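Asks: The following block contains the structure, expressed as structure tokens.
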Amino acid sequence: MARIRHDGPLIIGGGLAGLSAALEAAGVLGADGKVLVVTPEPLLNACSSAWAQGGMAAALSPQDSAALHAKDTEGAGAGLVEAEAARALTTRGRETVEWLAALGAPFDRDADGGFSVSLEAAHSLPRVARVGGDGAGRAILSAVVAAARATKAIEIWEDGRLRGLIRDVDGRVRGAVIERRGGRLDEVFAPAVVLATGGIGGLYEATTNPSALRGEGLALAYQAGAEILDPEFVQFHPTAIDVGLDPAPLATEALRGEGARLVDGRGVFLLGDHPDADLAPRDIVARAVHAARIEGRGAFLDATKAVGEAFPHEFPAVFAACMRAGLDPRVSPIPVAAAAHYHMGGIVADDEGRTTVPGLFAIGECAATGVHGANRLASNSLLEAGAFGRRAGRAAAAEVQPERRPLAAAQAMTDLPPEALAALRAAMTRHAGVVRDEAGLTALLALIDDLAKAHPTAACLAAARLVAEGALNRRESRGGHYRRDFPDSLPRAEHTRMRAAPAPVRDEEAEAATLAALAAVI
């Protein structure tokens with residue numbers, strides 16, 4: 031195993047948050063600096079940012095304001111949005127969109143050359159900047175990837191998986207264990223480690239996220255002593271296209287913004303006949319879709335009238351996904367299901383990405399900055415990735431290599447074998463999905479315990495346990511978390527906070543044995 035000293039930020043993740051941080055850090059460090067980005071797949075692959083369809087929320091029209099955007103963000107978050115964090119995000123909306131446009135992101139424009147905006151659920155007016163109708167994520171990220179590749183101060187490893195975080199006896203994160211192609215393990219020491227590892231969708235059998243995203247960053251940060259906030263809050267997108275694919279293709283919420291309606295198999299509106307009924311917060315819509323399917327009525331998104339023949343050029347990504355599955359959305363309603371889509375909980379971090387562990391930053395979906403609360407406002411995620419990613423990059427670039435200290439013990443994490451992973455994903459969807467209860471969550475935790483006996487170093491089990499324990503302990507329904515046995519919200523909204531005990535002083539012999547065992551598994 032090689033030991034590498036890197037004198038700049040080490041960024042784990044190549045999505046919008048990670049690359050935004052890398053570009054800003056490179057700008058701070060200048061030509062003589064170096065930023066290392068580590069990602070397990072080539073850029074643009076297996077990345078939630080590239081799959082985002084709706085766009086980026088920002089106050090861009092004359093009628094809108096950052097204050098109104100913040101108010102909508104707080105309203106969607108069911109009492110758990112931190113007002114200061116929401117303001118920090120929304121006041122950076124326009125500058126973030128303009129920064130991305132300057133990099134080459136081809137946002138849709140109106141006749142006057144301004145940013146074209148669309149309406150999505152729980153927004154009080156149109157404010158979502160789109161690209162090509164439903165291609166925002168990939169188009170935005172493509173521009174950022176091109177800029178990162180062209181920046182000499184940014185080095186990119188496209189074959190590296192995070193396996194562990196290295197800490198010293200004072201608790202500071204000093205680097206990370208990275209698995210490279212062929213199973214080689216490298217210890218990379220750096221003054222700052224920035225986690226941009228994405229969400230937990232791959233823990234669920236029904237998800238719209240890349241299935242490789244299973245919360246490894248969340249689990250390793252917890253193991254390193256970082257505080258975890260509200261891990262039980264998972265947002266389920268109500269209109270995953272139900273054609274038996276893993277992950278499920280997504281039918282963007284913008285379709286409902288254009289007037290598409292959710293109906294059952296008989297054509298009855300799932301949420302009532304009011305024109306705006308289907309633009310309720312996602313948790314409400316997801317539960318309606320889930321109930322219709324459980325009751326055997328079926329759930330469909332009917333865009334035949336609202337979009338119809340305009341589908342190929344207005345929503346090309348959704349149209350292509352449907353046609354590949356043998357569905358023509360111009361003439362037939364789209365079968366849909368609620369699927370895990372976004373993790374509101376995560377690693378506690380401020381708007382510069384700083385966590386409760388010195389030397390460790392977290393940005394993007396793996397972080398919990400306080401802006402999403404119990405239910406993320408649609409299209410705020412790309413804004414958070416870009417806006418707070420840039421701030422974290424500047425902050426991480428200012429970190430300096432501290433003096434050498436003895437290291438603490440760190441256990442390298444592994445994967446679950448396919449059969450065990452399939453069992454976990456099915457149980458997560460069944461028991462920690464759209465509707466939860468004590469019996470199901472208790473059964474889920476029992477399964478996690480059983481799997482952990484055979485696979486004690488599996489990172490995804492640690493992440494799943496955080497979600498399940500948080501959901502079991504929250505004896506109410508709020509935002510994306512719904513308990514059938516506690517259907518009401520408590521009068522006072524309170525956060526869930528979790529923190530692991532600190533690791534002991536590093537035992538070189540035990541560590542060597544662990545790494546040898548990991549190499550054997552790989």
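Going by my numbering, the residue at position 458 of the sequence shown is 488; the numbering climbs one at a time, nothing skipped. Don't be surprised by glycine CBs; every beta carbon is placed ideally from N, CA and C. This one's a predicted model, so the numbers in the text were calculated from it and none came from an experiment.
Start and end of the alpha helix (DSSP H) containing residue 324?
Replies: Unbroken alpha helix (DSSP H) run through residue 324: 312-324.
Asks: For a quick check, are the C-beta atoms of residue 373 and residue 229 less than 7 Å apart?
Replies: Going by C-beta atoms, residue 373 is nearer than 7 Å to residue 229.
Asks: Let me confirm a value: residue 535 is counted as buried when at least 16 other C-beta atoms fall within 10 Å, else exposed. Which label applies?
Replies: Per-residue confidence for residue 535 stands at a pLDDT of 49, beneath the threshold of 50, marking its modelled position as unreliable; no derived number is given.
Asks: Excluding five sequence neighbours on each side, which residues of the same chain lie with their C-beta closer than 7 Å to the C-beta of residue 450?
Replies: Cβ within range, chain order: 481, 485.
Asks: DSSP three-state label for residue 341, please.
Replies: Here residue 341 sits in helix by DSSP.
Asks: Just list the beta strand (DSSP E) runs in the stretch 146-206, keeping only unbroken ones of 3 residues or longer that don't cross its boundaries, in chain order.
Replies: Entirely contained in the stretch 146-206, the beta strand (DSSP E) runs reaching 3 residues are, in chain order, 184-187, 191-197.
Asks: Where residue 381 and residue 342 are concerned, what is the direct C-alpha to C-alpha distance, given to the nearest angstrom?
Replies: Answer to the nearest angstrom: the Cα atoms are 39 Å apart.
Asks: Can you check whether the CB of residue 415 is closer than 7 Å to the CB of residue 47?
Replies: Yes; because the gap between Cβ atoms is below 7 Å, this pair is in contact.
Asks: What three-state label does DSSP hand residue 353 in the structure shown?
Replies: Reduced to three states, the DSSP call for residue 353 is helix.
Asks: Determine the DSSP secondary structure at residue 263, reduced to helix, strand or coil.
Replies: Coil.
Asks: With the cut-off set at 7 Å, would you say residue 369 and residue 236 are in Cβ contact?
Replies: It is a contact, given that the beta carbons lie within the stated cut-off.
Asks: Bridge partners of residue 86, per DSSP?
Replies: Residue 86 pairs with 159.
Asks: Measuring CA to CA, which of 264, 41, 212, 477 is closest to residue 107?
Replies: The option with the nearest alpha carbon to residue 107 is 264.
Asks: Counting beta carbon pairs with one atom in the stretch 490-498 and one in the stretch 243-257, are three or more of them shorter than 8 Å?
Replies: Contact holds: three or more Cβ-Cβ distances are below 8 Å.
Asks: Sort 445, 161, 528, 404 by Cα distance to residue 487 and report the nearest one.
Replies: Of 445, 161, 528, 404, the residue nearest in Cα terms is 445.
Asks: How about the stretch 56-71 and the stretch 189-200: do they share at least three Cβ pairs that are nearer than 8 Å?
Replies: Output reads yes: the stretch 189-200 touches the stretch 56-71.
Asks: Of the choices 162, 152, 120, 129, whose alpha-carbon is the least far from that of residue 139?
Replies: Checking every option, the nearest Cα to that of residue 139 belongs to 162.
Asks: Residues in its own chain within less than 7 Å of residue 147 by CB, not counting five upstream and five downstream?
Replies: Counting only Cβ-Cβ distances below 7 Å, and skipping sequence neighbours, we find 90, 91, 156, 157, 158, 159.
Asks: From residue 419 to residue 223, what does the alpha carbon distance come to, in whole angstroms?
Replies: Spanning the two alpha carbons is a distance of roughly 13 Å.
Asks: Between residue 551 and residue 426, what straight-line distance do the alpha-carbon atoms span, to the nearest angstrom?
Replies: Reliability fails at residue 551, whose pLDDT of 46 lies under 50, so the model's placement of it is uncertain and no value is given.
Asks: Classify residue 225: buried if its beta carbon has 16 or more other beta carbons within 10 angstroms, exposed otherwise.
Replies: With 16 or more Cβ atoms within 10 Å of its Cβ, residue 225 is classed as buried.
Asks: Please classify residue 525: does DSSP put it in a helix, a strand, or coil?
Replies: DSSP places residue 525 in coil when its eight states are reduced to three.
Asks: Taking the straight line between their C-alpha atoms, what separation do you get for residue 298 and residue 329?
Replies: C-alpha separation (whole angstroms): 10 Å.
Asks: Per DSSP, what are the beta-bridge partners of residue 511 in this structure?
Replies: Beta-bridge pairing links residue 511 to 508.
Asks: Spatial neighbours of residue 465 within its chain, please: CB distance less than 6 Å, with the 5 preceding and 5 following residues excluded, ordered by chain position.
Replies: Hits under 6 Å: 512, 514.
Asks: Quick one: what's got a C-beta closer than 8 Å to residue 472's C-beta in the same chain, skipping five residues either side?
Replies: Same-chain partners within the cutoff: 502.
Asks: Using 8 Å as the cut-off, can you tell me whether the stretch 128-143 makes contact with the stretch 381-398, which would need three or more C-beta pairs spanning the two stretches below that distance?
Replies: With a cut-off of 8 Å, the stretch 381-398 and the stretch 128-143 do not count as touching, because too few Cβ pairs lie within range.
Asks: Within this structure, are the beta carbons of residue 407 and residue 120 separated by less than 7 Å?
Replies: Contact: no.
Asks: Between the Cα of residue 169 and those of 136, 153, 142, 150, spot the shortest distance and give me the residue it belongs to.
Replies: Comparing Cα-Cα distances from residue 169 to each of 136, 153, 142, 150, the minimum goes to 136.
Asks: So, with DSSP's three-state summary, where would you put residue 99?
Replies: In this structure, residue 99 counts as helix in the three-state DSSP scheme.
Asks: Which residue's Cα is closest to the Cα of residue 432: 395, 389, 460, 401?
Replies: Closest by alpha carbon: 389.
Asks: Does DSSP put residue 393 in a helix, in a strand, or in coil?
Replies: Residue 393 falls in the coil class under three-state DSSP.
Asks: Reducing DSSP to helix, strand and coil, say where residue 126 ends up.
Replies: Correct three-state label for residue 126: helix.
Asks: Can the beta-carbon of residue 565 be found less than 7 Å from the beta-carbon of residue 198?
Replies: With the chain represented from 31 up to 552, any question about residue 565 goes unanswered, as that position is not in the structure.
Asks: Taking C-alpha atoms, which residue in 429, 460, 413 lies nearest to residue 96?
Replies: Checked all of 429, 460, 413; the closest Cα to residue 96 is 413.
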